[in-house]
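I have placed the structure first, in the form of structure tokens, so that the comments after it can refer back to it.
Residue numbers (the numbering used here), protein chains in the order written: chain W, 79 to 184; chain H, 983 to 1210.
Written as structure tokens, this is what we have:
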């Protein structure tokens, strides 16, 4: 691929990505609030997205089931700490310590 | 409109701190990949500055390296980044009093981490100026990303993978997930979203994540009792 084509590609992807990011931030700024049904549905985006970002790191399926025991164990430890403390720092610390313990000591 | 609230900015910057080593590790990987695929320094910087989205940058680099048709490369990057439209819609209501030029800049900085930390911080009681916290999270991510992709390309080095520093990223999302599952429909959204994403891990284009998000929300609205 020559240099000019590659630059065109980078700019095209950059522009498209910006439009995706700006889409609703722009629209809602222009028109005011979203219809109640839509904003009600959007309240469920955080739990759905957070879980979709988290779960495949511990268990995933792509024709075969993948379970990383050290990551799964660390994830369970972190989830328990998150449940009892609702503290971000404690959750990360517990998860990383559990990961290193399982990976290097067990 | 004057400067963003500095107290909120510091709060956001503190919240993003544990993610910095993970993002740095990811940035190094992307920089190394760009160098191996024959990107010049300027092109790698261009990709990081104009796109600023790790997974789609990595996919772009791999597809360019494999000689894929241009349309396929663009389409792949767009589909990988489509989840950000949900973030844009979900966070837009907090940004609607902010001046246009700020909103455009804040949209440019929208990432998984900036969205996730900010939306959890705002909750039902957003600060009077939502720009401070958001920028406190998003700007350090941007700076670290730009530096580490360059370092990765120049040095070709990376942090030993077995330290698992990138594991901090799912842990942050996990810390946000637990309090977000606050009632039956939101728990169902998480259960369906996580299961679908895990089952869809083999799908191309990061579609598992997008499908998980869409089906999780749909489940909450239809069978979760979360209808308006």
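The beta carbon of each residue, even a glycine, is placed where N, CA and C say it ideally should be.
The structure presented is a predicted model; accordingly, all values stated were derived computationally and were not measured.
| Asked | Found |
| --- | --- |
| Alpha carbon to alpha carbon, how far is residue 1118(H) from residue 1056(H)? | 30 Å |
| Please work out which residues of its chain come closer than 8 Å, Cβ to Cβ, to residue 126(W), disregarding the five sequence neighbours upstream and downstream, and give them in chain order. | none |
| With DSSP run on the structure shown, which of helix, strand or coil describes residue 1100(H)? | helix |
| Who are the near neighbours of residue 1064(H) in its chain, counting only those whose CB is closer than 8 Å to its CB and skipping five residues on each side? | 1192 |
| What is the rounded straight-line gap between the Cα of residue 36(W) and the Cα of residue 1072(H)? | Residue 36(W) lies beyond the range of chain W shown here (79 to 184); nothing can be said about it. |
| Residues of the stretch 169-181 of chain W with a CB closer than 8 Å to any CB of chain H: list them in chain order, please. | 169, 170, 173, 174, 177, 178, 181 |
| Determine, for residue 147(W), whether the minimum Cβ-Cβ distance to residues of chain H falls below 8 Å. | no |
| Note down, in chain order, every chain W residue with its Cβ under 8 Å from the Cβ of residue 1025(H). | 81, 84, 85, 88 |
| Determine whether the beta carbon atoms of residue 990(H) and residue 1161(H) lie at a separation below 8 Å. | no |
| Name the DSSP bridge partner or partners of residue 144(W)? | 138(W) |
| Considering only the alpha carbon of each residue, which of 88(W), 106(W), 91(W) lies closest to residue 1082(H)? | 106(W) |
| Does DSSP put residue 184(W) in a helix, a strand or coil? | coil |
| How about residue 1091(H): is its Cβ closer than 7 Å to a heavy atom in the ligand FMN? | In the structure on display, the ligand FMN does not appear, and there are no ligands present to speak of. |
| If the cut is a Cβ gap below 7 Å, which residues of chain H does residue 123(W) touch? | 1068, 1072, 1195, 1199 |
| Does the distance from the C-beta atom of residue 1046(H) to that of residue 84(W) stay below 8 Å? | yes |
| DSSP three-state call for residue 81(W): helix, strand or coil? | helix |
| Does the stretch 1182-1200 of chain H come within contact of the stretch 993-1010 of chain H, defined as at least 3 CB pairs closer than 8 Å? | no |
| Using three-state DSSP, classify residue 1024(H) as helix, strand or coil. | helix |
| Identify which residue in 1173(H), 1203(H), 1186(H) has its Cα closest to the Cα of residue 130(W). | 1173(H) |
| Looking at chain W, is there any beta carbon in it that lies within less than 8 Å of the beta carbon of residue 1205(H)? | no |
| Assuming residue 1183(H) contacts residue 139(W) under a Cβ cut-off of 8 Å, what Cβ separation, rounded to an integer in Å, is found between them? | 6 Å |
| Consider the Cβ of residue 151(W): report whether some Cβ of chain H lies at a distance smaller than 8 Å. | no |
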